[in-house]
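Asker: Below is one structure. I have some questions about it.
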Amino acid sequence: MAGSALRRLMAEYKQLTLNPPEGIIAGPINEENFFEWEALITGPEGTCFEGGIFPAKLVFPPDYPLSPPKMQFICEMFHPNIYADGRVCISILHAPGDDPMGYESSAERWSPVQSVEKILLSVVSMLAEPNDESGANVDAAKMWREDRDQFNKIAERLVRKTLGLPPP
Amino acid sequence: MPVTLVDRLPLPNLKVYTAGSVSLLSIAIYYALSATSDPNWRVNVTQGRQEGMAEPGDLEAQLVMTSPPVVAGNGTRNISDQFVDVMTFMMQEPLCVWTLINLAYCSLAVFGFGVQRLVFGQLRVAEAQRVKDKFWNYVFYKFIFVFGVINVQYMDEVLLWCSWFTLVGFLHLLGQLCKDRYEYLSSSPNTEGWVHVRLACLLGGILTAATALLGAAAAWGLPAGRDTFAFMAAECILVLVAVLHVVARYVLQLYECDVAGPVAYYTHLVFDSVSLVVELIHVLHMVVYSNMLVSMASLVLLMQLRHLLHELQARVRRHRLYTSLATHMSRNYPMASKEEVDKNQDNCAICWEPMKEARKLPCSHLFHNSCLCQWVQQDASCPTCRRGLAGAAPARPAPHAAPLPNHLFHFDGSRYVSWLPSFSVEVTRVRGELAPGPALDNTAQQLQHMFPQYSIATLTADLSRTASADLTLDNILEGRLVAAEPIPEPEPLPVQQQPTLLDVATSTIEPWTPPSSAYLLPTTSTAGTDTIERSNRGTGHSTVAPENLVEDDVSLGGFAPSAASRAAALARRKERLVAGARLRYLRRLPRAP
Chain A
1 MAGSALRRLM
11 AEYKQLTLNP
21 PEGIIAGPIN
31 EENFFEWEAL
41 ITGPEGTCFE
51 GGIFPAKLVF
61 PPDYPLSPPK
71 MQFICEMFHP
81 NIYADGRVCI
91 SILHAPGDDP
101 MGYESSAERW
111 SPVQSVEKIL
121 LSVVSMLAEP
131 NDESGANVDA
141 AKMWREDRDQ
151 FNKIAERLVR
161 KTLGLPPP
Chain B
169 MPVTLVDRLP
179 LPNLKVYTAG
189 SVSLLSIAIY
199 YALSATSDPN
209 WRVNVTQGRQ
219 EGMAEPGDLE
229 AQLVMTSPPV
239 VAGNGTRNIS
249 DQFVDVMTFM
259 MQEPLCVWTL
269 INLAYCSLAV
279 FGFGVQRLVF
289 GQLRVAEAQR
299 VKDKFWNYVF
309 YKFIFVFGVI
319 NVQYMDEVLL
329 WCSWFTLVGF
339 LHLLGQLCKD
349 RYEYLSSSPN
359 TEGWVHVRLA
369 CLLGGILTAA
379 TALLGAAAAW
389 GLPAGRDTFA
399 FMAAECILVL
409 VAVLHVVARY
419 VLQLYECDVA
429 GPVAYYTHLV
439 FDSVSLVVEL
449 IHVLHMVVYS
459 NMLVSMASLV
469 LLMQLRHLLH
479 ELQARVRRHR
489 LYTSLATHMS
499 RNYPMASKEE
509 VDKNQDNCAI
519 CWEPMKEARK
529 LPCSHLFHNS
539 CLCQWVQQDA
549 SCPTCRRGLA
559 GAAPARPAPH
569 AAPLPNHLFH
579 FDGSRYVSWL
589 PSFSVEVTRV
599 RGELAPGPAL
609 DNTAQQLQHM
619 FPQYSIATLT
629 ADLSRTASAD
639 LTLDNILEGR
649 LVAAEPIPEP
659 EPLPVQQQPT
669 LLDVATSTIE
679 PWTPPSSAYL
689 LPTTSTAGTD
699 TIERSNRGTG
709 HSTVAPENLV
719 EDDVSLGGFA
729 PSAASRAAAL
739 ARRKERLVAG
749 ARLRYLRRLP
759 RAP
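Going down the list, the sequences are from chains A and B.
Each residue of the first sequence is one higher than the one before, starting from 1 at the first, in the numbering used here.
Each residue of the second sequence is one higher than the one before, starting from 169 at the first, in the numbering used here.
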C-alpha cells in the first residue's frame with residue numbers, strides 16, 4: 001500500500017519542483033518520511049492576504065491518493081474557512097464518505113485524480129474568496145461579512161508576520 | 169488499562185538496572201565464596217536447612233546428608249572444584265537463586281537493547297510507544313493466564329512459566345518492532361540496502377528462535393500434558409505467523425507485486441486469518457481449560473474473545489466486499505482493448521504510472537485494475553468525472569451515486585489534443601442559464617485559470633452572451649473567441665529567474681548588500697526599477713555560495729537525484745520565495761514620507 005503512495009508522492013514532488021505553480025512551493029519536510037510535507041503559499045494578489053507567504057503542513061495517509069491528505073497552516077491564520085488551530089476546511093480535502101457540514105456535493109470532494117497542486121491552488125482561491133457558509137472560524141466569518149476593514153487589518157498583520165516584518 | 173498507571177512508576181533505566189544486578193551478583197558470589205571456603209560447608213548448610221525446615225521430604229537434602237562430607241585439606245581444592253562448589257551453593261541458597269534469575273533478566277534486557285541499537289538504531293516515538301503498550305498488555309494477559317487459567321500452585325512452576333513467557337514475549341516485541349520498522353521503511357524512498365539486510369537478519373533470527381521454542385514446547389510441554397503443549401505452541405505459532413507475514417511483505421515488495429492484485433491480497437488474507445484463528449482457538453482453549461465461567465480471569469478472556477470475533481468478522485466482511493467488487497468489476501467494466509490503451513497515452517490518474525493494461529469505465533476513462541478496485545471500495549464513482557457507477561460498492565450505497573444531469577461539465581482535453589488537461593467545471597445553473605452575478609464571475613475565473621491567454625473581461629463578456637460555460641468553452645476551443653488584448657506578461661519574479669552565467673558573474677562581482685539590509689533599508693522608496701532589479705538579484709543569490717552554483721542550477725531547473733541535494737534545493741527555493749515576497753511587499757508599501 002505504502003509503496004504506490006510513495007511513488008505517487010515522489011511523482012508529485014518531482015512535478016511540483018519542475019513546474020511549480022506561481023508562488024507555491026511544496027515538498028517533504030524530511031525525505032526520511034515522505035508522508036509529511038510543508039507547503040508555502042503566496043497570498044493571492046488583489047486580496048487582503050496579498051504578499052504573505054503562508055506555511056502549511058500536509059500529512060498524507062498511507063493509502064494516498066485514495067484518501068485525502070490533511071492540511072494545516074503552521075502560521076497564525078484568520079480566515080472563515082480555517083480553524084483556529086490552522087486546519088483547513090475545504091471540500092476538496094473531504095473524503096467522499098464523510099460530509100461534516102452536510103452541504104457538499106460529492107463532485108467537489110476528494111478523488112484520487114486530485115493532487116497536492118490542485119489542493120494548494122484551491123487553498124489559494126479559498127484565501128481569495130472565503131466561503132462564509134462553512135464557518136470553520138465563526139469569528140472570522142462574521143468579521144468578513146460585517147467589518148471588512150477590521151478583517152483586512154488583521155490579514156495585513158498576519159501577512160507582515162509571515163514575512164518576518166514588524167507589525168505596522 | 170494498566171499502561172497509564174505503569175507509566176508513572178519510576179522504573180530505573182537500563183544502566184542503573186545493569187549496575188544494580190551486577191553488584192548484586194558480586195555480593196552473592198562473595199557470599200557464596202565465603203560460605204564455601206569452609207570445606208565442610210555442605211554439612212553446615214544442610215544442617216541449617218534441616219533445622220529450618222521441619223519437613224523431612226526434601227530428597228536433595230537427604231542425599232547431601234548421606235554423601236560423605238568433604239574433609240580434604242584446604243590447599244588441594246583447585247579452582248574448578250571451587251567453582252562447582254560455588255555454583256551448587258548458589259543454586260541451593262534462595263537469595264542467590266533470585267540474584268541469578270535477576271541476572272538472567274538483566275542480560276536479556278541488555279541483549280534486547282543491543283539488538284535494538286544494532287538493527288533499529290534510535291526507536292521512533294510511535295514505535296517505542298507501541299512496544300511499551302504491547303509489553304504491558306502482554307504482561308497483563310500472561311498474568312491472567314498464569315494465575316487465572318493455569319492456576320499454578322508452586323513457585324518453581326511460576327518461575328518456569330515466567331521464563332517461557334519472557335522468551336516468547338521478547339520475540340513478540342522484536343517481531344512487532346520489525347513490523348513497525350518495515351512499514352516505516354517502506355514509506356521512505358531512499359533507504360540504504362544494509363538497513364534492510366539487518367532487518368532481514370533479525371527476522372531470520374526471530375524465525376529460528378521461534379521455531380526452536382516450538383521444538384522446546386514439543387520436548388517439554390508434551391510430557392506435561394496436551395493442554396500445556398497447546399498453550400505453549402499457540403504462542404510460538406503466533407510469533408511465527410506475525411514474523412512470516414513481514415517476511416512475505418518483503419518478498420512481495422521484492423518481486424514488485426501489485427499491491428492490490430490478487431496475489432498480495434490473498435497472502436495478506438491468509439496471514440491475517442491464520443493469526444486471528446489461532447489466537448481465537450488459543451483463547452477459547454483457555455476459557456474451556458480454566459472451566460470457570462464466573463471469575464475475573466474468564467471475564468477478561470471473554471472480552472478478548474469478543475474482540476477477536478469482531479475482528480475476524482470484519483475481515484470476512486472485507487473479503488466478501490473484495491470478492492463481490494472483483495466480480496462486479498470484471499462483469500461490468502471490461503478491460504480496455506490493446507488499441508485503446510495504446511491510444512490513451514496518459515498515465516493512470518490514480519497512481520500516475522503508465523498503464524500496460526487498463527479497465528474501462530462506462531464514461532470511457534481508463535484506470536489500472538487494482539487502483540480502480542481500491543477506489544471503488546471507497547466511493548462508487550469515476551475518479552475523473554465523478555460519474556456514479558450504478559450498482560457498485562454494494563456495502564455502502566452512495567446517495568450521491570447518480571449526479572443530476574448537467575450538474576457537472578466535464579472536459580476531457582486529452583480526447584482532443586493529448587496535452588490538453590482534463591478538468592471538471594461545476595456549473596451553477598440558475599434556471600438552466602448563467603445569470604450575471606457571482607456564479608458567472610466564478611466560471612469566468614475558472615475559465616481564465618485554464619486559458620490564461622484570455623482576459624477575464626473577454627471571458628465574462630462571452631459568458632454573459634452565451635450564458636453557458638459549454639458554449640464559451642466551445643468558442644474558445646474553436647478559436648472563435650479572440651484574445652482581445654494580450655495580458656501583460658507577469659513581471660518575472662526574482663525566485664524564478666534562471667541564472668545565466670552573465671548574471672552569476674555580475675552578481676558575484678557586485679558588492680551585494682547582505683540580505684537583511686536589502687529589504688530593511690528603504691532603498692525601494694528612492695531607487696528606480698533598475699536598482700531594485702539588481703538588489704533582487706543580489707538577494708536571490710545571497711544564499712548561494714559560488715561553489716554551489718552547479719547544484720543551484722539543478723535547484724532551479726531540475727529534480728536532483730539525491731535526497732540531500734533535493735532537500736537543499738527545496739530549502740533554497742523556499743528562502744527565495746520568502747525573500748522575494750518580502751521585497752515585493754516593501755516595494756508595494758506607500759512611500760515613506
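Even for Gly, the Cβ is constructed at its ideal location relative to N, Cα and C.
On a predicted model such as this, the values are computed, not experimentally measured, just so you know.
Return the residues of the stretch 524-555 of chain B that lie within a Cβ-Cβ distance of less than 8 Å from chain A, sorted by chain order.
Answerer: Cys539, Gln542, Trp543, Gln546, Asp547, Ser549, Pro551, Thr552, Arg554
Asker: Strictly below 8 Å CB to CB, what residues from chain A border Ser498 (chain B)?
Answerer: Ordered by position in chain A, no residue passes the 8 Å Cβ test against Ser498 (chain B), which lies about 20 Å from the chain.
Asker: Give the residues from the stretch 27-50 of chain A that approach chain B closer than 7 Å (Cβ to any Cβ), ordered along the chain.
Answerer: Gly27, Glu31, Glu32, Asn33, Phe34, Phe35, Leu40, Thr42
Asker: Measure the CB-CB distance between Ala526 (chain B) and Pro551 (chain B) and report whether it falls below 8 Å.
Answerer: no
Asker: Who are the neighbours of Ser111 (chain A) on chain B, taking C-beta pairs under 7 Å?
Answerer: Pro551, Arg554
Asker: Put Leu420 (chain B) into one of helix, strand or coil per three-state DSSP.
Answerer: helix
Asker: For Val520 (chain B) and chain A, any beta-carbon pair shorter than 8 Å?
Answerer: The residue you asked about is not Val; residue 520 (chain B) is Trp in the sequence shown. Chain A, which has a Cβ nearer than 8 Å to the Cβ of Trp520 (chain B), makes this yes.
Asker: Beta-carbon of Ala504 (chain B) versus every beta-carbon of chain A: anything under 8 Å?
Answerer: no
Asker: Can you round the beta-carbon distance between Cys541 (chain B) and Leu493 (chain B) to whole angstroms, since I take them to be within the 8 Å contact cut?
Answerer: 6 Å
Asker: For Arg740 (chain B), would you say it is in contact with chain A, using Cβ-to-Cβ distances shorter than 8 Å as the test?
Answerer: no
Asker: Check Gly3 (chain A) in the structure and name its three-state DSSP category.
Answerer: helix
Asker: On the premise that Gly164 (chain A) lies in contact with Ser354 (chain B), defined as a C-beta separation below 8 Å, what is that separation, rounded to the nearest angstrom?
Answerer: Contact doesn't hold; Cβ gap of about 38 Å is too wide.
Asker: Anything in chain E within Cβ reach of Arg752 (chain B), meaning under 8 Å, just list it in chain order.
Answerer: You won't find chain E in this structure, because its protein chains are A and B.
Asker: Is there at least one non-hydrogen atom of the ligand SAH closer than 7 Å to the beta-carbon of Gln542 (chain B)?
Answerer: Because no ligand of any kind appears in the structure shown, any question about the ligand SAH cannot be addressed here.
Asker: Determine, using beta carbons only, whether Phe281 (chain B) and Leu182 (chain B) come nearer to each other than 8 Å.
Answerer: Between Phe281 (chain B) and Leu182 (chain B), the C-beta spacing is below 8 Å.
Asker: Where does the unbroken beta strand (DSSP E) through Gln542 (chain B) begin, and where does it stop?
Answerer: Counting along the chain, no beta strand (DSSP E) covers Gln542 (chain B); the unbroken alpha helix (DSSP H) around it starts and ends at 537-546.
Asker: What does the alpha-carbon distance come out to for the pair His617 (chain B) and Ser505 (chain B)?
Answerer: 35 Å
Asker: Give me the residue from B:Phe288, B:Ala432, B:His436, B:Arg394 with the minimum Cα distance to Leu453 (chain B).
Answerer: For the sequence presented, residue 453 (chain B) should be read as His rather than Leu. For the residues B:Phe288, B:Ala432, B:His436, B:Arg394, the minimum Cα distance to His453 (chain B) belongs to B:Arg394.
Asker: Going along the chain, which residues of the stretch 59-87 of chain A sit with their C-beta nearer than 8 Å to a C-beta in chain B?
Answerer: Pro62, Asp63, Pro65, Leu66, Ser67
Asker: Which whole-angstrom value is the C-beta distance of Glu508 (chain B) and Lys528 (chain B), which I expect to be below 8 Å?
Answerer: 7 Å
Asker: Does the stretch 109-124 of chain A come close enough to the stretch 51-68 of chain A that 3 or more CB-CB pairs lie under 8 Å?
Answerer: yes
Asker: Specify the secondary structure class of Glu228 (chain B) as computed by DSSP and reduced to three states.
Answerer: A caution first: Glu228 (chain B) carries a pLDDT of 43, below 50, which makes its placement in the model unreliable, though a value can still be read off. If DSSP states are grouped into helix, strand and coil, Glu228 (chain B) belongs with the helices.
Asker: Quick one: using the 10 Å Cβ neighbour count with 16 as the cut-off for buried, is Asp206 (chain B) buried or exposed?
Answerer: exposed
Asker: Using the three-state DSSP reduction, which class does Met430 (chain B) fall into: helix, strand or coil?
Answerer: Per the sequence presented here, residue 430 (chain B) reads as Pro, with Met not at that position. Helix.
Asker: Run through chain B and tell me which residues come within less than 7 Å of Lys14 (chain A), C-beta to C-beta.
Answerer: Phe727
Asker: Give me the residue from A:Asp149, A:Phe49, A:Ser91 with the minimum Cα distance to Glu76 (chain A).
Answerer: A:Phe49
Asker: Out of curiosity, what's the CA-to-CA distance linking Ile154 (chain A) and Lys118 (chain A)?
Answerer: 27 Å
Asker: Suppose you measure from the CA of Pro44 (chain A) to the CA of Val123 (chain A); what does that come to, to the nearest Å?
Answerer: 10 Å
Asker: Pair every Cβ in the stretch 9-19 of chain A with every Cβ in the stretch 28-44 of chain A, then say whether three or more of these pairs are closer than 8 Å.
Answerer: yes
Asker: Can you give me, in chain order, the residues of the stretch 381-411 of chain B that have a beta carbon less than 9 Å from any beta carbon in chain A?
Answerer: Listed by position, the residues of the stretch 381-411 of chain B near chain A (Cβ gap below 9 Å) amount to none.
Asker: Measuring only the C-alpha atoms, how far is Gly135 (chain A) from Gly52 (chain A)?
Answerer: Cα to Cα, the separation comes out at about 23 Å.
Asker: Measuring alpha carbon to alpha carbon, tell me which of B:Trp362, B:Asn610, B:Lys300 ends up nearest Met126 (chain A).
Answerer: B:Asn610
Asker: Give a yes or no on whether 8 Å exceeds the smallest Cβ distance from Val746 (chain B) to chain A.
Answerer: yes
Asker: To the nearest angstrom, report how far apart Asn152 (chain A) and Arg752 (chain B) are at their CA atoms.
Answerer: 19 Å
Asker: Quick check on DSSP: helix, strand or coil for Leu40 (chain A)?
Answerer: strand
Asker: To test your reading of the DSSP string, which unbroken alpha helix (DSSP H) runs of 4 or more residues are found completely within the stretch 300-361 of chain B?
Answerer: 323-353
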